[in-house]
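Just below is one structure, and these are the notes that go with it.
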Amino acid sequence: MTTPASSDLHDLSVAELARQLRDRQVSAVEAATHFLGRIQAAPQWGAFVALNEEATLAQARAADERLSRGEALALDGVPIAHKDIFVTKNFASTAGSKMLDGYRSPFDATVVTRLADAGAVTLGKLNCDEFAMGSANENSAVAPLGFDAPAPVRNPWASDRVPGGSSGGSAAAVAARLAPAATGTDTGGSIRQPASFCGITGIKPTYGRASRYGMVAFASSLDQAGPMARSAEDCALLLSAMCGPDPDRDSTSLDLPAENFARGLNDSIDGLRIGIPAEFFGDGLAPDVRAAVDAALKEYEKLGAKLVPIALPRTELSIPVYYIIAPAEASSNLSRFDGVKFGHRAKDYGDLTDMYKKTRAEGFGDEVKRRIMIGAYVLSHGYYDAYYLQAQKIRRMIADDFQQAFKSCDVIAGPVAPTVAWKLGEKSADPVANYLADIFTLPGSLAGLPGMSLPAGFGEGGLPVGLQLIGNYFSEAKLLNAAHRFQQATDFHLRRPEGI
Numbered sequence: 001m002t003t004p005a006s007s008d009l010h011d012l013s014v015a016e017l018a019r020q021l022r023d024r025q026v027s028a029v030e031a032a033t034h035f036l037g038r039i040q041a042a043p044q045w046g047a048f049v050a051l052n053e054e055a056t057l058a059q060a061r062a063a064d065e066r067l068s069r070g071e072a073l074a075l076d077g078v079p080i081a082h083k084d085i086f087v088t089k090n091f092a093s094t095a096g097s098k099m100l101d102g103y104r105s106p107f108d109a110t111v112v113t114r115l116a117d118a119g120a121v122t123l124g125k126l127n128c129d130e131f132a133m134g135s136a137n138e139n140s141a142v143a144p145l146g147f148d149a150p151a152p153v154r155n156p157w158a159s160d161r162v163p164g165g166s167s168g169g170s171a172a173a174v175a176a177r178l179a180p181a182a183t184g185t186d187t188g189g190s191i192r193q194p195a196s197f198c199g200i201t202g203i204k205p206t207y208g209r210a211s212r213y214g215m216v217a218f219a220s221s222l223d224q225a226g227p228m229a230r231s232a233e234d235c236a237l238l239l240s241a242m243c244g245p246d247p248d249r250d251s252t253s254l255d256l257p258a259e260n261f262a263r264g265l266n267d268s269i270d271g272l273r274i275g276i277p278a279e280f281f282g283d284g285l286a287p288d289v290r291a292a293v294d295a296a297l298k299e300y301e302k303l304g305a306k307l308v309p310i311a312l313p314r315t316e317l318s319i320p321v322y323y324i325i326a327p328a329e330a331s332s333n334l335s336r337f338d339g340v341k342f343g344h345r346a347k348d349y350g351d352l353t354d355m356y357k358k359t360r361a362e363g364f365g366d367e368v369k370r371r372i373m374i375g376a377y378v379l380s381h382g383y384y385d386a387y388y389l390q391a392q393k394i395r396r397m398i399a400d401d402f403q404q405a406f407k408s409c410d411v412i413a414g415p416v417a418p419t420v421a422w423k424l425g426e427k428s429a430d431p432v433a434n435y436l437a438d439i440f441t442l443p444g445s446l447a448g449l450p451g452m453s454l455p456a457g458f459g460e461g462g463l464p465v466g467l468q469l470i471g472n473y474f475s476e477a478k479l480l481n482a483a484h485r486f487q488q489a490t491d492f493h494l495r496r497p498e499g500i
């Protein structure tokens with residue numbers, strides 16, 4: 001076996017590493033050991049919250065045995081890390097919350113199981129905003145590896161900047177080359193926005209494509225799992241393993257067979273109609289972000305695509321609609337965390353009601369409490385019709401706007417976020433400012449559409465800018481093809497933060 005220098009392994013993409021593993025140029029144990037070493041040597045990013053070296057190396061040895069027998073699976077031996085919103089048997093599962101401190105799940109989430117069934121090796125668990133509620137990864141109540149207390153994840157492109165959220169640990173780990181790929185979840189943009197801020201690629205599939213079983217629930221009608229990696233090719237390989245029906249365990253899972261999303265990566269995009277919504281390019285868009293996005297769109301024109309003006313007139317309504325629906329669902333989902341069955345329980349209390357109150361007051365962070373209170377309010381008697389029901393009606397109209405737009409275009413393109421990553425703490429005292437950062441990702445989430453972010457250039461301070469692509473239902477392969485062809489013509493996805 002000819003082994004590449006260990007220092008080169010983290011430079012390989014998922015696709016390249018999978019090929020080298022199949023060709024026995026490197027072993028799965030060597031790959032896992034290499035990345036575990038990098039994780040332990042770089043705690044400053046705050047990306048990882050749990051490792052289990054014994055479990056990781058056991059999975060790697062099993063992969064090596066299959067590879068030696070010539071029975072390689074699609075991702076055999078490829079290391080991957082999971083957002084701590086997915087429960088796992090061999091690692092602590094906290095969802096970034098004190099409420100689940102010390103919790104060990106007796107089962108794996110379906111997404112974790114399916115990636116393992118494809119041969120992927122779990123490196124560990126990644127930091128995230130508590131219960132996936134946040135846009136900056138500053139809301140975690142869990143101490144990252146190497147820290148004595150909870151700390152925000154830092155952006156590898158600039159350590160004083162946020163990585164985005166809630167999948168900030170996932171994005172930072174991939175950007176810092178601590179893992180070739182990671183899982184994330186996207187409720188209102190939590191795969192796409194951190195991917196944009198950290199200069200990597202991430203995709204949220206159509207709602208229901210990936211099972212939500214074992215994914216700690218935030219907002220059940222919005223939560224969706226997806227992969228985060230360096231390239232569209234890598235995301236296609238991972239998404240192919242992650243998706244598929246799960247009717248016995250997730251009633252929202254779509255009855256669609258597993259699909260090879262990499263099948264059309266090299267198809268021509270000559271004549272592809274790219275819709276450009278005027279609402280995504282208004283006064284709120286920072287000039288540096290607009291310049292990078294405009295340059296990316298010109299590159300698409302060079303590749304043969306056609307830019308088509310479209311309208312998404314209810315874009316501005318997506319923020320109030322989302323921040324009514326998502327907290328309403330969160331208040332219902334999080335009612336199970338009461339200190340009775342598992343997780344945190346207050347030590348001193350008088351009666352059952354007192355235990356509930358103290359447990360939830362101690363166990364939940366400020367942002368989670370804020371959303372529970374908003375959700376309980378909009379669902380309460382006398383306000384349900386005025387707020388929640390109206391929000392659901394407008395949600396339907398937002399979805400209809402997209403269907404009208406897709407009559408004249410194949411995909412929709414625009415910025416992921418109005419600005420590049422902001423400084424740590426800059427918006428932590430103003431939750432509404434955080435919410436406004438999601439304006440370009442929320443409409444697609446409310447409609448349940450697939451969307452992705454791909455590196456498209458750099459803005460202020462050399463910080464990454466992501467281009468968002470949104471497709472119609474079940475058009476993941478088309479999105480990945482469009483992204484892959486762009487990445488064949490550019491090198492933004494290959495660039496790394498200084499010093500990494």
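Per the UniProt record's numbering, the very first residue in the sequence shown carries number 1; after that it's consecutive. Glycine included, every Cβ here is placed at the ideal spot set by N, Cα and C.
#1: Can you grab the Cα-Cα spacing for the pair Val-368 / Ala-141, in whole Å?
#2: Count the CB pairs spanning the stretch 151 to 159 and the stretch 100 to 118 that are closer than 8 angstroms, and state whether there are at least three.
#3: Below 8 angstroms, how does it come out for the stretch 369 to 383 and the stretch 265 to 281: are there three or more Cβ pairs, yes or no?
#4: So for Val-465, helix, strand or coil by DSSP?
#5: Can you tell me which of the three DSSP states Asn-260 falls into?
#6: Express the C-alpha separation of Val-411 and Gly-169 in angstroms, rounding to a whole number.
#7: For Leu-222 and Leu-446, what's the separation of their Cα atoms in angstroms?
#8: Compute the Euclidean distance between the alpha carbons of Thr-252 and Ala-295, then round it to the nearest angstrom.
#9: Can you tell me whether His-381 is buried or exposed? The criterion is at least 16 other CB atoms within 10 Å of its CB, across all chains shown.
#10: Out of Glu-130, Ser-240, Tyr-383 and Gly-77, point me to the one whose CA is closest to Ile-203's CA.
#11: Can you list, in chain order, the residues of its chain whose CB lies under 6 angstroms from that of Met-1, leaving out five sequence neighbours each side?
#12: Any idea what DSSP makes of Leu-51, helix, strand or coil?
#13: DSSP state of Met-215, grouped into three classes?
#14: When DSSP labels each residue in this structure, what does Met-397 get in the three-state scheme?
#15: Mind checking which residues open and close the beta strand (DSSP E) that includes residue 502?
#16: If you draw a straight line from the C-alpha of Pro-4 to the C-alpha of Asp-76, how long is it?
#17: Tell me Gly-457's beta-bridge partners as DSSP assigns them.
#18: Exposed or buried, which one is Asn-127 when buried takes at least 16 other CB atoms within 10 Å?
#19: Between Cys-198, Arg-66, Ala-258 and Ala-305, which has its C-alpha nearest Ala-417's C-alpha?
#20: Thinking C-beta only, is Val-78 closer than 7 angstroms to Glu-116?
#21: Between which residues of its own chain and Ala-489 is the CB-CB distance below 7 angstroms, once the five residues before and five after are set aside?
#22: From which residue to which residue does the alpha helix (DSSP H) around Lys-302 run?
#23: Hey, out of Ala-92, Arg-66, Ile-324 and Gly-146, whose CA is closest to Asp-385's CA?
#24: Closest to Phe-86 by C-alpha separation, out of Arg-212, Leu-256, Asp-366 and Ala-429, would be which residue?
#25: Measuring straight from C-alpha to C-alpha, what distance separates Thr-94 and Asp-354?
#26: Can you give the Cα-Cα distance for Gly-499 and Glu-233, rounded to whole angstroms?
#27: Reducing DSSP to helix, strand and coil, say where His-493 ends up.
#28: Using the three-state DSSP reduction, which class does Val-411 fall into: helix, strand or coil?
#29: Applying the criterion that 16 or more other CB atoms from any shown protein chain within 10 Å of the CB defines a buried residue, is Phe-492 buried or exposed?
#30: With a threshold of 6 angstroms on Cβ separation, who are the neighbours of Leu-145 within its own chain once the five nearest residues in sequence on each side are excluded?
#31: Considering Cα atoms alone, identify which of Arg-192, Ser-68 and Thr-122 is closest to Gly-444.
#32: If we ignore side chains and look at the alpha-carbon of each, how far apart do Leu-67 and Val-289 end up?
#33: Sort out for me which residues DSSP pairs Leu-238 with in a bridge.
#34: Excluding the 5 residues flanking residue 506 on each side, which residues of the same chain have their C-beta closer than 8 angstroms to its C-beta?
#35: Just mark Ala-41 as buried or exposed, buried being the case when its beta carbon has 16 or more other beta carbons within 10 Å.
#36: Mind checking whether Leu-265 and Asn-481 have CB atoms under 7 angstroms apart?
With the given structure in hand:
#1: Your numbering for residue 368 matches position 368 in the sequence shown. Your numbering for residue 141 matches position 141 in the sequence shown. Cα to Cα, Val-368 sits roughly 11 angstroms from Ala-141.
#2: no
#3: no
#4: As a working note, residue 465 is residue 465 in the sequence shown. Val-465 falls in the strand class under three-state DSSP.
#5: The residue given as residue 260 occupies position 260 in the sequence shown. Coil at Asn-260, not helix or strand.
#6: Reading the sequence shown from its first residue, position 169 is the one you call residue 169. Reading the sequence shown from its first residue, position 411 is the one you call residue 411. Gly-169 and Val-411: Cα-Cα distance of roughly 29 angstroms.
#7: Within the sequence shown, residue 222 is the residue found at index 222, counting from 1. Within the sequence shown, residue 446 is the residue found at index 446, counting from 1. If you take the alpha carbons of Leu-222 and Leu-446, they lie about 7 angstroms apart.
#8: Along the sequence shown, one-based indexing puts residue 252 at 252. Along the sequence shown, one-based indexing puts residue 295 at 295. Near 39 angstroms, if we compare the C-alpha coordinates of Ala-295 and Thr-252.
#9: The count along the sequence shown starts at 1 and reaches residue 381 at position 381. His-381 comes out exposed.
#10: By 1-based counting over the sequence shown, the position of residue 203 is 203. Comparing Cα-Cα distances from Ile-203 to each of Glu-130, Ser-240, Tyr-383 and Gly-77, the minimum goes to Ser-240.
#11: As a working note, residue 1 is residue 1 in the sequence shown. Here the model assigns Met-1 a pLDDT of 37, short of 50, so the residue's position is not dependable, and the following value carries that caveat. Excluding positions up to five away in sequence, the list reads Arg-24.
#12: The residue labelled residue 51 in the question sits at position 51 within the sequence shown. In the structure shown, Leu-51 sits in a strand (DSSP, three-state: E or B).
#13: Here residue 215 corresponds to residue number 215 of the sequence shown, with the count starting at 1. It is a strand residue.
#14: Along the sequence shown, read from residue 1 onward, the residue named residue 397 stands at position 397. Residue state, collapsed to three classes: helix.
#15: With the chain running from 1 to 500 in the structure shown, residue 502 is simply not present.
#16: In the sequence shown, counting from the first residue as 1, residue 4 sits at position 4. In the sequence shown, counting from the first residue as 1, residue 76 sits at position 76. Low local confidence applies: a pLDDT of 46 at Pro-4 is under 50, so the model's placement there is unreliable, with the coordinate-based value given in what follows. For Pro-4 and Asp-76, the distance between alpha carbons rounds to 18 angstroms.
#17: Within the sequence shown, residue 457 is the residue found at index 457, counting from 1. BP columns for Gly-457 point to Val-465.
#18: By 1-based counting over the sequence shown, the position of residue 127 is 127. That one is buried.
#19: Numbered from its first residue, the sequence shown carries residue 417 at position 417. For Ala-417, the nearest C-alpha among the options comes from Cys-198.
#20: Indexing the sequence shown from 1 puts residue 116 at position 116. Indexing the sequence shown from 1 puts residue 78 at position 78. In the sequence as presented, Glu is not what sits at residue 116; that position holds Ala. Not in contact: Ala-116 and Val-78 (Cβ atoms no closer than 7 angstroms).
#21: Along the sequence shown, one-based indexing puts residue 489 at 489. If we look at Ala-489 and ignore the five residues flanking it on each side, its Cβ neighbours are Glu-299 and Leu-303.
#22: Counting from one through the sequence shown, the residue named residue 302 turns up at place 302. That run of the alpha helix (DSSP H) goes 287 to 302.
#23: Residue 385 sits at position 385 when you count from the first residue of the sequence shown. Cα-wise, what sits closest to Asp-385 is Ile-324.
#24: The residue you call residue 86 lines up with position 86 of the sequence shown. It is Arg-212.
#25: Here residue 94 is taken as the residue at index 94 of the sequence shown, counted from 1. Here residue 354 is taken as the residue at index 354 of the sequence shown, counted from 1. Going from the Cα of Thr-94 to the Cα of Asp-354 covers about 24 angstroms.
#26: Counted from its first residue, the sequence shown places residue 499 at position 499. Counted from its first residue, the sequence shown places residue 233 at position 233. Their Cα atoms are separated by approximately 25 angstroms.
#27: Counting from one through the sequence shown, the residue named residue 493 turns up at place 493. If DSSP states are grouped into helix, strand and coil, His-493 belongs with the helices.
#28: Counting from one through the sequence shown, the residue named residue 411 turns up at place 411. Strand at Val-411.
#29: In the sequence shown, counting from the first residue as 1, residue 492 sits at position 492. Phe-492 should be labelled buried.
#30: Counting from 1 along the sequence shown, the entry for residue 145 is found at position 145. For Leu-145, where only same-chain residues beyond five positions count, the Cβ hits under 6 angstroms are Pro-43 and Phe-48.
#31: Counted from its first residue, the sequence shown places residue 444 at position 444. The option with the nearest alpha carbon to Gly-444 is Arg-192.
#32: Against the sequence shown, residue 67 aligns to sequence position 67. Against the sequence shown, residue 289 aligns to sequence position 289. Cα to Cα, the separation comes out at about 45 angstroms.
#33: Taking the first residue of the sequence shown as 1, we reach residue 238 at position 238. Paired residue(s): none; Leu-238 is not in a bridge.
#34: A question about residue 506 goes unanswered here, because the residues of the chain that appear run from 1 up to 500.
#35: Here the question's residue 41 lines up with position 41 in the sequence shown. When all chains shown are included, Ala-41 counts as exposed.
#36: Start at 1 with the first residue of the sequence shown, and residue 265 comes out as number 265. Start at 1 with the first residue of the sequence shown, and residue 481 comes out as number 481. Yes, Cβ-Cβ distance for Leu-265 and Asn-481 is below 7 angstroms.
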